[in-house]
Amino acid sequence: MQIGIVGLPYSGKTTFFQTLTETQLDPNAIQKRDANLAIVKVEDHRLDEFTEIFKPKRKVNATIEIVDIAGIQKGDAIGSSINPQFLGKAKTNDALIHVVRGFSDDSIPHPNGSINIVRDIKTLEDEFIFSDLAFVENRLEKLDKDIQKSKKDEAIRERESMLKWNEHLQEGAPLRTYDFPAEDSKYLKNYQPLTAKPLLIALNLGEEDIKNAQNILNEVKKEIDWKNVIIEPFSAKIEMELMQLDAEEKNMFMSEYGLTDSALSRLVASAYKLLGLQSFFTVGEDECRAWTITNGMTAQDSAGVIHTDFYNKFIRAEVVSYKDFMTFGSFPKCKEAGVFRLEGKEYLVKDGDILHVRHG
Ligand SMILES: Nc1nc2c(ncn2[C@@H]2O[C@H](COP(=O)(O)OP(=O)(O)OP(=O)(O)O)[C@@H](O)[C@H]2O)c(=O)[nH]1
Ligand SMILES: [Mg+2]
Numbered sequence: 000m001q002i003g004i005v006g007l008p009y010s011g012k013t014t015f016f017q018t019l020t021e022t023q024l025d026p027n028a029i030q031k032r033d034a035n036l037a038i039v040k041v042e043d044h045r046l047d048e049f050t051e052i053f054k055p056k057r058k059v060n061a062t063i064e065i066v067d068i069a070g071i072q073k074g075d076a077i078g079s080s081i082n083p084q085f086l087g088k089a090k091t092n093d094a095l096i097h098v099v100r101g102f103s104d105d106s107i108p109h110p111n112g113s114i115n116i117v118r119d120i121k122t123l124e125d126e127f128i129f130s131d132l133a134f135v136e137n138r139l140e141k142l143d144k145d146i147q148k149s150k151k152d153e154a155i156r157e158r159e160s161m162l163k164w165n166e167h168l169q170e171g172a173p174l175r176t177y178d179f180p181a182e183d184s185k186y187l188k189n190y191q192p193l194t195a196k197p198l199l200i201a202l203n204l205g206e207e208d209i210k211n212a213q214n215i216l217n218e219v220k221k222e223i224d225w226k227n228v229i230i231e232p233f234s235a236k237i238e239m240e241l242m243q244l245d246a247e248e249k250n251m252f253m254s255e256y257g258l259t260d261s262a263l264s265r266l267v268a269s270a271y272k273l274l275g276l277q278s279f280f281t282v283g284e285d286e287c288r289a290w291t292i293t294n295g296m297t298a299q300d301s302a303g304v305i306h307t308d309f310y311n312k313f314i315r316a317e318v319v320s321y322k323d324f325m326t327f328g329s330f331p332k333c334k335e336a337g338v339f340r341l342e343g344k345e346y347l348v349k350d351g352d353i354l355h356v357r358h359g
């Protein structure tokens, strides 16, 4: 699962990336065109609770990959459109986080000249719509040629789909809001249009605005109330400062700003939800671990996430839900209470299930 960080220049993408990964990058590396890639832990209180109970040798969180797409060099995109190399990189991600600048700082130029959250959200969205539109138009030209040469059914069918995508995009709407028919799934998979990706908008507010975040968010939502889009306020600068504090100082600093949890765990949790991801767990004295699956995965599919052999030699899965386990406290007690289940390969694994795979 890979999530790309996108945004206008100087919006705080790389700062955000560094706080997510709790690393400070070499300033020279920040200037490079190559994307920075990091693997980020997904915090989960359920895994923490299992770890408390089992005291395992290892605790393994679920992870997601985050890419800071440094396609724009300083000065590159000022006032002009976004560079195509950058758009190409964004295409390969499963979801996008759009970092929008909300902080004022006269020493840091703004490509659009002033701070305006709604305008900047729309600027990037328009760029993405243009990019998808250009792709679809290209595709249509190619298909028209193919159809002239030989009337292949597949080309005719795809043309129908592309015409509809085109019409939707021409209206200035992202493909996120298009109701794709089932036969479009292969085109979606192959072409990965930018505006069809789940989008998390991260508002990078100034420190002085963070106490007022809810009001700012409400104002933004009046104009940007988009389907399949989550908007979360945070402050990259505060997160950066939090990173350098020990636990006690952290709590003091956070209460100063009226924060209850780190914005980062909130943002990662939102991204997880946005992608329709869920977790199941394997627990024991050796290891407690969270595994990532998508909605609708069966017990056998899930076993395959642990190990291909578990998929191939799957017999049954022993399943207890997180809630039941917490209610009864141990596997024997769950058995007594009749909430310890044996499920076959077609069982749809639910978020929070503890799984033990029986295999050959
Ligand atoms: N005051 C203030 N400055 C910030 C904040 N977030 C980022 N900055 C500063 O803004 C400048 C640009 O931040 P970056 O994180 O490099 O922005 P970017 O989006 O990666 O920029 P490009 O990669 O050049 O497009 C840096 O000098 C940051 O220190 C913030 O919340 N408040
Ligand atoms: Mg950057």
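Heads up: the sequence shown begins at 0 in numbering that gives the first Met the number 0, then just goes up one per residue. Every residue, glycine too, gets a C-beta built ideally from N, C-alpha and C.
A Cβ-Cβ distance of about 6 angstroms is found for the pair Val117 and Ile223, placing them in contact under the 8 angstroms criterion. In the DSSP assignment, Val304 is bridged to no other residue.
Taking 3 residues as the shortest admissible run, the region 262-341 contains the following complete beta strand (DSSP E) segments, listed from N- to C-terminal end: 276-281, 286-293, 313-320.
When distances are taken from the beta-carbon of Thr13 to the heavy atoms of ligand 2, the shortest one is below 6 angstroms.
Ranked by Cα distance from Pro180, the first of Glu159, Val356, Ala37 is Glu159.
Under the DSSP assignment, Ile353 falls in the beta strand (DSSP E) whose first and last residues are 352-358. When DSSP reads this structure, Leu198 sits in a beta bridge with Leu95, Val228.
For Pro8, the shortest separation between its Cβ and any heavy atom of ligand 1 lies below 6 angstroms.
Contact holds between the region 190-197 and the region 125-145, because three or more Cβ pairs, one in each stretch, are under 8 angstroms apart. The DSSP-derived three-state label of Ile107 is coil.
Taking every protein chain shown into account, the CB of Ile155 has fewer than 16 other CB atoms within 10 angstroms, so this residue is exposed.
Put simply, of Glu231, Thr50, Asp105 the residue whose alpha carbon is nearest the alpha carbon of Val98 is Glu231.
Sequence-distant partners of Ala268 (beyond 5 residues in either direction) whose C-beta falls short of 8 angstroms from its own C-beta, in its chain, are Val41, Glu42. Where Val5 is concerned, there is no enclosing alpha helix (DSSP H), although the beta strand (DSSP E) around it starts and stops at 1-5. Looking from the CA of Glu48, the closest CA among Phe339, Gly359, Met325, His355 belongs to Met325.
Contact annotation: Gly11 and Asn203 have beta-carbon atoms nearer than 7 angstroms.
In this structure, Met0 and Glu51 do not form a Cβ contact; the two beta carbons are roughly 27 angstroms apart against a cut-off of 8 angstroms. Around the beta-carbon of Met251, fewer than 16 other beta-carbon atoms lie within 10 Å, marking it exposed.
In the three-state DSSP reduction, Ala246 falls in the helix class (H, G or I).
Distances between the C-beta of Ala235 and the heavy atoms of ligand 1 include at least one below 6 angstroms. For Thr13, DSSP assigns no beta-bridge partner whatsoever. The C-alpha of Gln17 is placed about 8 angstroms away from the C-alpha of Met239. Ile68 sits away from Ala37, with the two beta carbons spaced by 7 angstroms or more. Asn203 is bridged by DSSP to Arg100, Phe233. For Ile146, the enclosing alpha helix (DSSP H) stretches over residues 116-148. With respect to Ile209, Ser234 sits close: the two C-beta atoms are nearer than 7 angstroms. Residue Asp285 holds the alpha-carbon nearest to the alpha-carbon of Lys56 among Trp290, Asp285, Glu342, Asp300. Inclusion of Thr293 and Gly275 in the CB contact set at 7 angstroms is warranted, their separation being smaller than that value. The shortest C-alpha to C-alpha distance from Asn217 to any of Glu206, Glu207, Ile229 is the one to Ile229. Comparing alpha carbon positions, the residue from Asp152, Lys148, Ala270, Val135 closest to Asn92 is Ala270.
Taking 7 angstroms as the cut-off, the beta carbon of Leu46 is found closer than this to the beta carbon of Ala289. Asp352 places its beta carbon less than 7 angstroms from that of Ser320. Using a cutoff of 6 angstroms, the CB of Phe102 counts as near ligand 1, since one of the ligand's heavy atoms is closer than that.
In this structure, Phe327 keeps its C-beta atom at 7 angstroms or more from the C-beta atom of Ala316. Excluding the 5 residues flanking it on each side, Gln299 has same chain C-beta neighbours closer than 7 angstroms at Tyr310, Phe313, Lys344, in chain order. Beta-bridge partners assigned by DSSP to Val66: Gly3, Leu36.
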